[in-house]
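Protein chains: 2
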Amino acid sequence: MEERAQRIVDTAVELAEQGGFEAVRLRDVAAEAGVALGTLYRRFRSKEDLLVAALEIEMTALEERLVQTPIRGTSAFERVVRFFDFATRALCRRPNLARACIRASSCGDPEVAQRVANFHKRGRRLIRTALAGDDPKTPRIAADCATTLQLVWMGSLVGWSGNLHSQADVIRHTRDAAARVLASGDA
Amino acid sequence: MEERAQRIVDTAVELAEQGGFEAVRLRDVAAEAGVALGTLYRRFRSKEDLLVAALEIEMTALEERLVQTPIRGTSAFERVVRFFDFATRALCRRPNLARACIRASSCGDPEVAQRVANFHKRGRRLIRTALAGDDPKTPRIAADCATTLQLVWMGSLVGWSGNLHSQADVIRHTRDAAARVLASGDA
DNA sequence: GGCGGTATTGAAACACGTTTCACTTCGCGG
DNA sequence: CCGCGAAGTGAAACGTGTTTCAATACCGCC
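As structure tokens, then:
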């Protein structure tokens with residue numbers, strides 16, 4: 183990402199960490215990033231677009247950490263549970279930021295659909311990787327299971343971000359779903 | 183619901199049907215419902231609150247239709263698939279309204295958490311009912327399965343409302359999830 | 001019938017996302 | 001070095017969610 187855009191996103195992340203979605207006032211973002219409001223709008227189509235860009239950066243960080251220290255585990259179930267545990271904790275470590283990004287990614291604005299789709303695709307790949315593990319066996323689990331588990335995770339995260347339940351619940355929801363989904367004969 | 187509040191929600195629904203979330207301008211809602219803006223804000227804490235109230239009314243309608251003609255089917259799987267099919271079609275029949283309500287219900291505003299929680303609880307009950315069927319057997323499926331399936335449904339609906347995938351995909355996602363979840367030995 | 005408190009009204013004001021615009025700056029090919 | 005087009009700037013304006021407030025209408029109770 184170009185340096186100016188990067189600075190804009192970084193500023194947005196900083197503000198979101200502190201005060202969540204509504205603390206990300208685009209005037210402030212632009213001012214603190216040292217650009218004019220118009221420049222911000224040249225790079226990002228909307229506030230949501232900006233926050234989803236932040237989410238993509240979080241995803242990149244997650245991917246890198248997982249490349250360095252891949253998920254270990256002796257079964258697909260164990261690995262995918264550990265993945266969701268790890269990823270959920272990582273996300274919820276900065277709850278204001280996470281809530282802001284989740285809200286942006288679930289706002290339904292077609293302008294950001296592309297970015298959101300990309301984010302989902304990358305997340306699904308991580309889940310598939312966790313399911314598959316290192317060994318080149320068990321190739322059949324991947325596709326649909328990953329989709330189902332991702333939907334559970336996303337649905338639960340939306341609930342978490344709306345204070346319907348806790349971070350522990352998110353982890354439990356994904357564990358429960360994984361247990362059921364992977365019990366159906368192909369793990 | 184009190185008559186004045188009802189009229190406000192009805193007006194909001196009407197506008198949302200036509201133009202979605204952004205077409206629900208609260209000034210217009212108030213004007214068309216024949217109340218002052220302050221009255222609207224006395225009944226509803228925010229635009230999201232109002233739209234989630236609309237969602238609750240949709241839920242009531244769904245519940246009533248299901249009481250009149252309960253879901254039939256010879257297995258929990260068959261019934262729950264039919265339920266999701268029915269409910270998804272009902273929701274997506276007015277896509278603008280559905281998107282607006284889903285967006286409102288996933289905005290993460292703690293002010294509306296109560297209403298959203300209530301909506302989810304009622305939805306979960308419908309899923310449990312579909313899983314259980316008429317016969318008083320198979321009591322063990324209920325609790326966690328229903329939660330998992332609901333999370334899949336909600337997650338998929340959020341994706342649908344953001345144009346990430348189609349209504350048919352929502353139905354497929356829930357069917358896939360149901361197949362896996364109910365295959366794990368207790369259906 | 002008068003009174004007190006609560007709901008409603010109408011209108012204005014405020015905040016913030018978003019757009020617009022005239023002007024300036026920058027980078028680059030000729 | 002010039003000139004041109006793209007990018008950036010600063011400031012203002014607009015729309016809409018939300019709040020505020022003084023004035024008014026309503027309603028049950030003495």
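In order, the protein sequence lines correspond to chains V and S. Under our numbering, the first residue of the first sequence is numbered 183, with each subsequent residue one higher. Under our numbering, the first residue of the second sequence is numbered 183, with each subsequent residue one higher. Note that CB positions come from ideal geometry on N, CA and C, so glycine has one too.
**Asked** In terms of residue numbering, what span does the alpha helix (DSSP H) encompassing Ile-253 (chain V) cover?
**Response** Note, Ile-253 (chain V): premise wrong, no alpha helix (DSSP H); not H, not E.
**Prompt:** What is the rounded straight-line gap between the Cα of Gly-202 (chain V) and the Cα of Thr-251 (chain S)?
**Reply:** Each residue's alpha carbon lies about 45 angstroms from the other.
**Message:** Quick check: the stretch 324-332 of chain S against the stretch 253-273 of chain V, are at least 3 beta-carbon pairs closer than 8 angstroms?
**Reply:** The stretch 253-273 of chain V, when compared against the stretch 324-332 of chain S, does not touch it at the 8 angstroms Cβ threshold.
**Prompt:** Does DSSP put Asp-351 (chain S) in a helix, in a strand, or in coil?
**Reply:** When DSSP states are grouped into helix, strand and coil, Asp-351 (chain S) belongs to the helix group.
**Request:** Find the residues of chain V that neighbour Ser-326 (chain S), judging by a C-beta separation of less than 7 angstroms, and give them in chain order.
**Result:** It should be pointed out that residue 326 (chain S) corresponds to Asp in this sequence rather than to Ser. At a beta-carbon threshold of 7 angstroms, the residues of chain V lying near Asp-326 (chain S) are Asp-358, ordered along the chain.
**Message:** Could you tell me the alpha carbon to alpha carbon distance between Ser-257 (chain V) and Ser-343 (chain S), rounded to whole angstroms?
**Reply:** Their Cα atoms are separated by approximately 35 angstroms.
**Request:** Tell me whether Ala-194 (chain V) sits in a helix, a strand or coil according to DSSP, three-state version.
**Result:** Helix, per DSSP.
**Asked** Quick one, which of V:Leu-232, V:Glu-245, V:Val-191, V:Pro-277 has its alpha-carbon nearest Leu-339 (chain V)'s?
**Response** Considering only alpha carbons, the answer is V:Pro-277.
**Message:** Quick check on Lys-229 (chain V): buried or exposed, where buried means 16 or more other Cβ atoms within 10 Å of its Cβ?
**Reply:** Result: buried.
**Item:** Local conformation of Gly-202 (chain V) per DSSP, three classes
**Value:** Note: Gly-202 (chain V) maps to coil in three-state DSSP.
**Request:** Decide if the stretch 340-359 of chain V is in contact with the stretch 208-219 of chain S; the criterion is three or more beta carbon pairs, one per stretch, under 8 angstroms apart.
**Result:** Inter-segment contact for the stretch 340-359 of chain V and the stretch 208-219 of chain S is absent: fewer than three beta-carbon pairs are separated by less than 8 angstroms.
**Message:** Within 7 angstroms of any Cβ in chain V, is that where the Cβ of Arg-276 (chain S) sits?
**Reply:** It does not: the Cβ of Arg-276 (chain S) has no partner Cβ on chain V nearer than 7 angstroms.
**Prompt:** Taking Cβ-Cβ distances shorter than 8 angstroms, what residues in chain S pair up with Ala-285 (chain V)?
**Reply:** In the sequence as presented, Ala is not what sits at residue 285 (chain V); that position holds Arg. Those within 8 angstroms of Arg-285 (chain V) in chain S are Ser-288, Cys-289, Gly-290.
**Euclidean distance between Cα positions of Val-334 (chain S) and Gly-337 (chain V)** = Rounded to whole angstroms, Val-334 (chain S) to Gly-337 (chain V) spans 6 angstroms at the Cα level.
**Request:** For the stretch 331-354 of chain V, enumerate the residues whose C-beta is nearer than 8 angstroms to any C-beta of chain S, in chain order.
**Result:** Going along the stretch 331-354 of chain V in chain order, one finds Gln-332, Leu-333, Val-334, Trp-335, Met-336, Gly-337, Ser-338, Val-340, Gly-341, Ser-343, Gly-344, Asn-345, Leu-346 with a Cβ nearer than 8 angstroms to chain S.
**Request:** State the DSSP-derived secondary structure class of Gly-305 (chain V), mapped to helix, strand or coil.
**Result:** Reduced to three states, the DSSP call for Gly-305 (chain V) is helix.
**Request:** Check whether the Cβ atoms of Val-363 (chain V) and Thr-330 (chain V) lie closer than 7 angstroms to each other.
**Result:** The answer is yes: Cβ separation under 7 angstroms.
**Message:** Rounded to whole angstroms, what is the Cα-Cα separation between Glu-204 (chain S) and Phe-259 (chain V)?
**Reply:** Per the coordinates, the alpha-carbon of Glu-204 (chain S) lies some 43 angstroms from the alpha-carbon of Phe-259 (chain V).
**Asked** What residues in its chain sit with their C-beta under 8 angstroms from that of Ala-192 (chain S), if we drop five residues either side in the sequence?
**Response** Note that residue 192 (chain S) corresponds to Asp in the displayed sequence, not to Ala. The beta carbon of Asp-192 (chain S) lies closer than 8 angstroms to those of Ala-215 in the same chain, with the five residues before and after it left out.
**Request:** Classify Glu-184 (chain V) as helix, strand or coil using the three-state DSSP reduction.
**Result:** Secondary structure of Glu-184 (chain V) (DSSP, three-state): coil.
**Item:** Terminal residues of the alpha helix (DSSP H) in which Arg-275 (chain S) lies
**Value:** No alpha helix (DSSP H) holds Arg-275 (chain S); DSSP gives it neither H nor E.
**Asked** By a C-beta neighbour count over all protein chains shown, 10 Å radius and 16 as the cutoff for buried, is Gly-220 (chain S) buried or exposed?
**Response** Looking at its Cβ environment, which holds fewer than 16 other Cβ atoms inside 10 Å, Gly-220 (chain S) is exposed.
**Request:** Give, in chain order, every residue of the stretch 209-238 of chain V whose Cβ lies closer than 7 angstroms to some Cβ of chain S.
**Result:** Under the 7 angstroms Cβ criterion, the stretch 209-238 of chain V contributes no residue.
**Prompt:** Taking DSSP as the reference, what is the three-state secondary structure of Val-363 (chain S)?
**Reply:** Of the three classes helix, strand and coil, the one that applies to Val-363 (chain S) here is helix, per DSSP.
**Collapsed DSSP secondary structure at Gly-216 (chain V) in the structure displayed** = Three-state DSSP puts Gly-216 (chain V) in coil, outside helix and strand.
**Asked** Does the beta-carbon of Ser-288 (chain V) have 16 or more other beta-carbons within 10 angstroms, so that it is buried, or is it exposed?
**Response** Ser-288 (chain V) is buried by the Cβ-count criterion.
**Request:** Closer than 6 angstroms by C-beta to Glu-199 (chain S): which residues in its own chain qualify, once you throw out the five before and the five after it? Chain order, please.
**Result:** Here the set comprises Arg-276, Asn-278, Leu-279.
**Request:** May I have the straight-line CA-CA distance separating Asp-291 (chain S) from Ala-286 (chain V), to the nearest angstrom?
**Result:** Spanning the alpha carbons of Asp-291 (chain S) and Ala-286 (chain V) requires a straight line of approximately 12 angstroms.
**Request:** Helix, strand or coil for Asp-358 (chain S), going by three-state DSSP, please let me know.
**Result:** Asp-358 (chain S) carries a helical assignment under DSSP once its states are collapsed to helix, strand and coil.
**Request:** Would you kindly work out how many angstroms separate the C-alpha atoms of Ala-213 (chain V) and Gly-305 (chain V), rounded to a whole number?
**Result:** Cα-Cα distance, rounded: 33 angstroms.
**Item:** Assigned secondary structure, Ser-288 (chain S) (DSSP; H/G/I helix, E/B strand, else coil)
**Value:** Here Ser-288 (chain S) sits in coil by DSSP.
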